[in-house]
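Residue numbers (mature numbering (1 follows the signal peptide of the UniProt record, and there is no 0)): -20 to -1, 1 to 78.
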């Protein structure tokens, strides 16, 4: 019975370690931790955080006053959010997080 308890405890600890978050919290995918962050709050209560690398806009996080937060990215590195020229931004929602 003691071996069963030790095995169960080991499995529980392994499971908990798998759930532990690593990296920087709140940073969008592909954005280094030393990126410049500028946060502003709009008049409707939305919170906008811009992430810049060497002065160039790379990602925008929008935290609406209601609803889930989402990210807009500049994937091709031209300094403009992808899809905004066509008035259809590429929106990425974070579905899971720890």
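Glycine residues also receive a C-beta, built at the ideal position from the N, C-alpha and C atoms.
- Taking the C-beta atoms as reference points, residue 53 is found nearer than 7 Å to residue 62.
- Residues of the same chain with a CB within less than 6 Å of the CB of residue 8, apart from the 5 flanking positions on each side, are 39, 51 in chain order.
- Residue 28 and residue 17 have their alpha carbons spaced roughly 10 Å apart.
- Residue pairing by DSSP puts residue 30 in a beta bridge opposite 18, 40.
- Cβ contact annotation for residue 15 (same chain, cutoff 6 Å, sequence separation greater than five): 31, 33, in chain order.
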